[in-house]
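*Asks:* So the sequences go chain by chain: A and B. Under the numbering used here, the letters of the first sequence match residues 1 to 195, in that order. Under the numbering used here, the letters of the second sequence match residues 1001 to 1195, in that order. Glycine residues also receive a C-beta, built at the ideal position from the N, C-alpha and C atoms.
2 protein chains.
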Amino acid sequence: MAMGRPLQHQPDVALTAAMQTFWRLGYHHTSLRDLLAAMEISRSSLYQLYGNKEALFLTALERYRDQLLNTLRASFYQAASAWAFIENLLTQAALNAQSEQAQLGCLIFNSATELGGEASLPAQSARQCVDDISGFFTQVIVRAQHEGSISADNDAASAAQFLTFSMSGLRLLLKSGATKPQAQQTVKHVLQGLR
Amino acid sequence: MAMGRPLQHQPDVALTAAMQTFWRLGYHHTSLRDLLAAMEISRSSLYQLYGNKEALFLTALERYRDQLLNTLRASFYQAASAWAFIENLLTQAALNAQSEQAQLGCLIFNSATELGGEASLPAQSARQCVDDISGFFTQVIVRAQHEGSISADNDAASAAQFLTFSMSGLRLLLKSGATKPQAQQTVKHVLQGLR
DNA sequence: AACTGTTGGGAATGATCATTCCATAAAATT
DNA sequence: AATTTTATGGAATGATCATTCCCAACAGTT
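(1) When the Cα atoms are used, what is the spatial distance from R1063/B to E147/A?
(2) Would a check of beta-carbon distances place S1120/B closer than 8 Å to chain A?
(3) Given a limit of 7 Å on CB to CB distance, which residues of the segment 75-96 of chain A reach chain B?
(4) Consult DSSP for S168/A and reduce its assignment to one of helix, strand or coil.
(5) Thinking S1166/B and V1190/B are a contact (beta carbons under 8 Å), I'd like their distance in whole angstroms, please.
(6) With a threshold of 8 Å between beta carbons, is F22/A in contact with chain B?
(7) Are the beta-carbon atoms belonging to K188/A and L95/A less than 8 Å from one another?
(8) Cutting at 8 Å between CB atoms, please list the residues of its own chain near L173/A, excluding the five before and the five after it.
(9) What does H28/A reach in chain B if we use C-beta pairs closer than 8 Å?
(10) When the Cα of T1030/B is compared with those of T1164/B, L1056/B, T1091/B, A1079/B, which residue comes out closest?
(11) Can you list, in chain order, the residues of its chain whose CB lies under 7 Å from that of Q22/A, leaving out five sequence neighbours each side?
(12) With 7 Å as the C-beta to C-beta threshold (strictly closer), list the residues of the segment 1141-1164 of chain B near chain A in chain order.
(13) Looking only at C-alpha atoms, which of N1154/B, D1153/B, V1013/B, I1133/B sits nearest to I1041/B?
(14) By alpha-carbon positions, which one of R24/A, Q67/A, I150/A ends up nearest to Q101/A?
(15) Out of S125/A, F137/A, L49/A, H28/A, which one is the CA nearest neighbour of Q8/A?
(16) Using a Cβ-Cβ cut-off of 8 Å, state whether G1169/B counts as contacting chain A.
(17) Keeping to the same chain, check which residues put their C-beta closer than 7 Å to that of V1142/B; ignore five residues upstream and five downstream.
(18) Given a threshold of 16 other Cβ atoms within 10 Å of its Cβ, counted over all protein chains shown, does T1071/B qualify as buried or as exposed?
(19) Any idea what DSSP makes of S1176/B, helix, strand or coil?
(20) Please report whether the beta-carbon of A178/A lies at a distance below 8 Å from any beta-carbon of chain B.
(21) With three or more C-beta pairs closer than 8 Å as the rule, is the segment 1111-1124 of chain B touching the segment 119-139 of chain A?
(22) Step through the CB atoms of chain A and report whether any lies within less than 8 Å of the CB of S1166/B.
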């Protein structure tokens, strides 16, 4: 074993806790007190291990994006068709209407809207993450076009953007307290818009 | 004329300046310094005339909503058809892609997303405003259904919500720097989704 | 001239914030 | 026992924030 006292906390656990806190409260509104309480480490350790609040947010955001994209990709590659994947994605979002998860929305979209046009690193990173999601959806659209479920006349990138903001819009709806039937009906509109 | 020194500033002008500042910076991120500079009044006057930051935001938000709804209603009632109104609304939004206005987004949606699930008065008010917009769109949808341009099978409220978040999503897209052709393509998706 | 309401800004209050420094304790090594 | 690394928390720093109090200047009225 290496010399010196071994690490007492698991960096993964602490990072996940930080991520959830940012998710719940937003970047600016999350204070160091909140972080320390959630991560269950001391101020000193936080600065030593993660640099500062901004750096911690960046790594937490990247982790969130990685996890999200991994989940999406896994579900995509094992889906019967691209269209089935899209349908399932939206339907699941609508079904989970009242869950806490849905109430929180998506960390990436939340951050992108909160940080808006800021020039800060967190803002840049958030916008990049939105692009990453949109890029993944573009692949999905392209496959759907090959499979014939979406007209090849459509620009794949635009369709992907439509799908992206529809996901974010759906989240906003659910956050505003839309009922499950309303959400399901809205999903139909989105699916119809993609065709 | 009334006794005492007459008002030097026009409350309307100052309120508009405050509104634009909240619009540009968001509620939390707008400091009193920002407000005073934009409104060109003194701290004393602000507190005397508008109460405090929170109260000022509430009146500014209401004014924004009133102006927006008035503009929308005027354009709606003089439109050839409900569908033409919707088409025009979305197309104009896409055409103004690069304008400063579009970059700002909409004060109501910005506030609703920024304040999210907060229990504060500003948050409640923002959610109410989203409902107000959605309510207006419901009327539009109902008229479109009477005119036959939207299937009567659709739930009007759900379609209105779809339209509402599509507007907000379009704004987010433009904020993220989507090109004009992309935005126009996305509008087609939204219109198709409404049918 | 006396009165009344508006305006402006200095100063203080009390709170929160992120960050740094520092001294100390704990747990492992050699 | 000496060393190395990690952990903790008190204290201070410097900044910003919204808000209140207060006093002086201002611009009209009667």
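*Replies:* Let me spell this out:
(1) The residue labelled residue 1063/B in the question sits at position 63 within the second sequence. The residue labelled residue 147/A in the question sits at position 147 within the first sequence. Looking at the two C-alpha atoms, the distance is approximately 50 Å.
(2) Against the second sequence, residue 1120/B aligns to sequence position 120. With 8 Å as the cut-off, S1120/B does not count as an interface residue toward chain A.
(3) none
(4) Counting from one through the first sequence, the residue named residue 168/A turns up at place 168. Reduced to three states, the DSSP call for S168/A is helix.
(5) Looking up residue 1166/B in the second sequence gives position 166. Looking up residue 1190/B in the second sequence gives position 190. Right, their Cβ atoms sit about 4 Å apart.
(6) Looking up residue 22/A in the first sequence gives position 22. Not an interface residue.
(7) Along the first sequence, one-based indexing puts residue 188/A at 188. Along the first sequence, one-based indexing puts residue 95/A at 95. The answer is no: Cβ separation not under 8 Å.
(8) One-based indexing of the first sequence puts residue 173/A at position 173. Only Q182, A183, T186 meet the Cβ criterion.
(9) Residue mapping note: residue 28/A aligns to position 28 of the first sequence, counting from 1. Within chain B, the residues near H28/A are H1028, H1029.
(10) Here residue 1030/B is taken as the residue at index 30 of the second sequence, counted from 1. That would be L1056/B, whose Cα lies nearest to the Cα of T1030/B.
(11) Taking the first sequence and counting its residues from 1, the one referred to as residue 22/A is at position 22. A small fix is needed here, since residue 22/A is Phe in this sequence, not Gln. Taken in chain order, the residues that qualify are T30, F57, A60, L107.
(12) D1155, A1157, S1158, A1159, Q1161, F1162
(13) Numbered from its first residue, the second sequence carries residue 1041/B at position 41. The candidate whose alpha carbon is nearest that of I1041/B is V1013/B.
(14) The residue you call residue 101/A lines up with position 101 of the first sequence. Nearest of R24/A, Q67/A, I150/A to Q101/A, Cα basis: R24/A.
(15) For this step, residue 8/A is matched to residue 8 along the first sequence. Of the listed residues, the one whose Cα sits closest to Q8/A is L49/A.
(16) The count along the second sequence starts at 1 and reaches residue 1169/B at position 169. So, interface residue.
(17) The sequence position of residue 1142/B within the second sequence is 142, counting from 1. For V1142/B, where only same-chain residues beyond five positions count, the Cβ hits under 7 Å are A1156.
(18) As a working note, residue 1071/B is residue 71 in the second sequence. Answer is exposed; the Cβ neighbour count stays below 16.
(19) Start at 1 with the first residue of the second sequence, and residue 1176/B comes out as number 176. Note: S1176/B maps to coil in three-state DSSP.
(20) Position 178 of the first sequence, counted from the first residue, corresponds to residue 178/A. A178/A counts as touching chain B.
(21) no
(22) For the purposes of this step, residue 1166/B is identified with residue 166 of the second sequence, where counting begins at 1. With 8 Å as the cut-off, S1166/B counts as an interface residue toward chain A.
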